[in-house]
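Residue numbers (this note's numbering), protein chains in the order written: chain A, 871 to 1226; chain B, 628 to 986.
We put the beta carbon where it would ideally sit given N, CA and C, even for glycine.
A short write-up of the structure that comes next.
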């Protein structure tokens, strides 16, 4: 188990990691999700021992590893930019960590064959990296990291430089691959979709802080705060201010009041938020909430349409099934069901509604 | 703005004579309409950037001619072709302010100060950079620097075309959404001819009116986003576009019926005579799961191998007689344990030797 206890790190007076505490069990995958500069790479460097925190402690299997140099720890890292030895064959690239560790030849052969099968590299073993595509090269880098049977595997946006389609294929393969390992796996990404496909646990990061931690799907569906809800939405989360009076809510424009369930009797100022795929143009149920909109731009992505529109002065986006074209400035009525609304209080904390 | 015409353009980087495989871009003729928004889409190494560089003049094609509004510009430099370019990584003048970075191409062209100020102000506003107009570019983060690169591409109104080479690849997902919408608005407002190179299907389909799909140096299909989705001309396009891509399954015909895994699954949607391997293509969006054969005579039994929840819908991975097939199931819908699979007959495309058989 990898444990971070109140870890902080500054570089030249600037805070990069701000008081993070985490416990990561063996055999689990933890996704670090956040935009560029959220602190994902900084946190991984601390976990690896490449940097030393200014305060706090880092323990592996209950022992502090702060004094242990990186080469004495059993760690594997994969970076965004794949790194392979250009003069070695794929086989020798994958085998290299075992050769260094003095593993017997037969054992090396067996383990390379095993990992090559898993990553579909078997037909490529005798090639040099230059004769491979980007996706194949990154699979070689992954194989080299995974063959070590490291205690801690750190993957820093490993698919970011790959083609969209390859990324899609590898994303689907990775959870299956990780399931075979007993290591602590940490995976950094900027993309919410990637986190959802990988599953496991997610740490939402922002400005050097661990904003929220939880199982990936739970954190996506039931974030505690507005910041995590925003970080974990792609397309972006739609939000608008509402005022409640004994459970009757109103938008700050001349629109009908609405309710969010019979047992909801809240009063005060709130943030009303909806994920883009929960908006519809057909009234789905009698208690659905009407959202009259002015269309800005429609984008088609084959089977889906992204409709960007203005609602109560906010830029919103709806993700609709099928090809739906709307003209600029067209007036469209969107609908959302109360169970798809996330409501946040004045402190940006989510209020659990019976409908959710 | 200009209409751009490629006449029998072809390019080879190496000098291997006579071999089609050595082409980075295979012989191609194509007209890019004045004011059109185009995307060049394909995997790495498909030749899309090579083609863009031939249009911009960064590269001289080994064969063929490039015409702007009917005038031959094949021998002209990028500068003389009067086009704006935006690349994957930001290109900014670090010591200049944001506003001066944007004004730079206008000052070079000797525009009047008042006009420069108006245009710079417009672009600053479009990209939400007003509050940092006086800030030196050096101190900006990568996203803002890339906004400046985009802005410099958009600031001139007299360009023949604006060419984008993966301009949003290094941008964070949230900002990507915003910038893509801005680009689309800018295109609707000013009507520049825009050509956008990307490997990301979402970027290509959402940005462009027409998408050119390339594979191994050749154009495999040119069409609207809807055409590429509904009627992929080649199984490559079907698989490359869509998440997951189109299911492609070997099939057979018998007396006007369509057979999958040896079983009739309905009437042949259209005549598909000829020789060669026949396959059917169906999007996961048009594959549905039912619990029983009752009332669904054309359904086939399937085994579910995995269910992926991507937060918007479920992707069900299944197999029919060991042939993998994916289905998209909406959030909240039930997924039967031992399902039968139905393909929407109106949405089936037939392919012979990987090429679409047309009705």
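Assuming residue i and residue j make a contact with CB atoms under 8 angstroms, what is their CB distance in whole Å?
| i | j | result |
| --- | --- | --- |
| residue 1107 of chain A | residue 1214 of chain A | Their Cβ separation, rounded to whole angstroms, is 10 angstroms, which puts residue 1107 of chain A and residue 1214 of chain A out of contact at 8 angstroms. |
| residue 859 of chain B | residue 976 of chain B | 7 angstroms |
| residue 903 of chain A | residue 1085 of chain A | 13 angstroms between Cβ atoms; not a contact. |
| residue 1090 of chain A | residue 1125 of chain A | The pair is not a contact, with the Cβ atoms about 29 angstroms apart (cut-off 8 angstroms). |
| residue 919 of chain A | residue 938 of chain A | 7 angstroms |
| residue 916 of chain B | residue 954 of chain B | 6 angstroms |
| residue 1182 of chain A | residue 1123 of chain A | 5 angstroms |
| residue 1056 of chain A | residue 894 of chain A | 7 angstroms |
| residue 1179 of chain A | residue 1166 of chain A | 6 angstroms |
| residue 1113 of chain A | residue 1184 of chain A | Incorrect: roughly 15 angstroms between the Cβ atoms, too far for contact. |
| residue 932 of chain B | residue 967 of chain B | That pair is no contact at about 16 angstroms. |
| residue 798 of chain B | residue 770 of chain B | 6 angstroms |
| residue 671 of chain B | residue 1003 of chain A | 7 angstroms |
| residue 629 of chain B | residue 787 of chain B | 4 angstroms |
| residue 1121 of chain A | residue 1130 of chain A | Residue 1121 of chain A to residue 1130 of chain A, Cβ: 13 angstroms. No contact. |
| residue 1220 of chain A | residue 1094 of chain A | 6 angstroms |
| residue 750 of chain B | residue 782 of chain B | 5 angstroms |
Determine the burial state of residue i: buried for a count of at least 16 other Cβ atoms within 10 Å of its Cβ, exposed for fewer.
| i | result |
| --- | --- |
| residue 1080 of chain A | buried |
| residue 879 of chain B | exposed |
| residue 1137 of chain A | exposed |
| residue 1163 of chain A | buried |
| residue 706 of chain B | exposed |
| residue 640 of chain B | exposed |
| residue 932 of chain A | exposed |
| residue 975 of chain A | exposed |
| residue 1201 of chain A | exposed |
| residue 678 of chain B | buried |
| residue 698 of chain B | exposed |
| residue 1203 of chain A | exposed |
Under three-state DSSP, which class holds residue i?
| i | result |
| --- | --- |
| residue 974 of chain A | coil |
| residue 984 of chain B | coil |
| residue 735 of chain B | helix |
| residue 1014 of chain A | helix |
| residue 879 of chain A | strand |
| residue 761 of chain B | coil |
| residue 1118 of chain A | strand |
| residue 968 of chain B | strand |
| residue 954 of chain A | coil |
| residue 922 of chain A | coil |
| residue 1146 of chain A | helix |
| residue 992 of chain A | helix |
| residue 657 of chain B | strand |
| residue 1161 of chain A | strand |
| residue 628 of chain B | coil |
| residue 823 of chain B | strand |
| residue 793 of chain B | coil |
| residue 800 of chain B | helix |
| residue 986 of chain A | helix |
Roughly how many angstroms separate the alpha carbons of residue i and residue j, rounded to a whole number?
| i | j | result |
| --- | --- | --- |
| residue 1140 of chain A | residue 937 of chain B | 28 angstroms |
| residue 1171 of chain A | residue 1194 of chain A | 10 angstroms |
| residue 877 of chain B | residue 895 of chain B | 14 angstroms |
| residue 1054 of chain A | residue 1073 of chain A | 14 angstroms |
| residue 1082 of chain A | residue 885 of chain A | 19 angstroms |
| residue 921 of chain A | residue 928 of chain A | 12 angstroms |
| residue 1019 of chain B | residue 1008 of chain A | In the structure as shown, chain B begins at 628 and stops at 986. Residue 1019 of chain B is therefore absent and cannot be evaluated. |
| residue 866 of chain B | residue 941 of chain A | 43 angstroms |
| residue 632 of chain B | residue 692 of chain B | 8 angstroms |
| residue 689 of chain B | residue 844 of chain B | 14 angstroms |
| residue 969 of chain A | residue 1023 of chain A | 19 angstroms |
| residue 1174 of chain A | residue 1189 of chain A | 7 angstroms |
| residue 1069 of chain A | residue 1032 of chain A | 20 angstroms |
| residue 1042 of chain A | residue 869 of chain B | 15 angstroms |
| residue 855 of chain B | residue 913 of chain A | 42 angstroms |
| residue 1147 of chain A | residue 935 of chain A | 45 angstroms |
Could you tell me whether the stretch 867–887 of chain B touches the stretch 896–914 of chain B, using the rule of 3 or more Cβ pairs below 8 angstroms? yes
Can you find at least 3 beta carbon pairs, one from the stretch 1191–1206 of chain A and one from the stretch 654–668 of chain B, that sit closer than 8 angstroms? Contact fails: fewer than three Cβ-Cβ distances are below 8 angstroms.
Counting pairs of Cβ atoms below 8 angstroms between the stretch 678–695 of chain B and the stretch 707–715 of chain B, do you hit three or more? They touch, by the three-pair rule.
Quick one: any contact between the stretch 1010–1017 of chain A and the stretch 980–989 of chain A, if contact means 3 or more CB pairs under 8 angstroms? yes
I want to know whether the stretch 945–959 of chain A touches the stretch 988–1008 of chain A - three or more CB-CB distances under 8 angstroms. yes
Does the count of Cβ pairs from the stretch 831–842 of chain B and the stretch 806–823 of chain B closer than 8 angstroms reach three? yes
Below 8 angstroms, can you find three or more Cβ-Cβ pairs linking the stretch 711–720 of chain B to the stretch 785–792 of chain B? yes
Three CB pairs or more closer than 8 angstroms across the stretch 1201–1212 of chain A and the stretch 1143–1156 of chain A: Yes, they touch.
Contact residues within the stretch 822–837 of chain B, judged by C-beta distance below 8 angstroms to chain C: The displayed structure is made up of protein chains A and B, and chain C is not among them.
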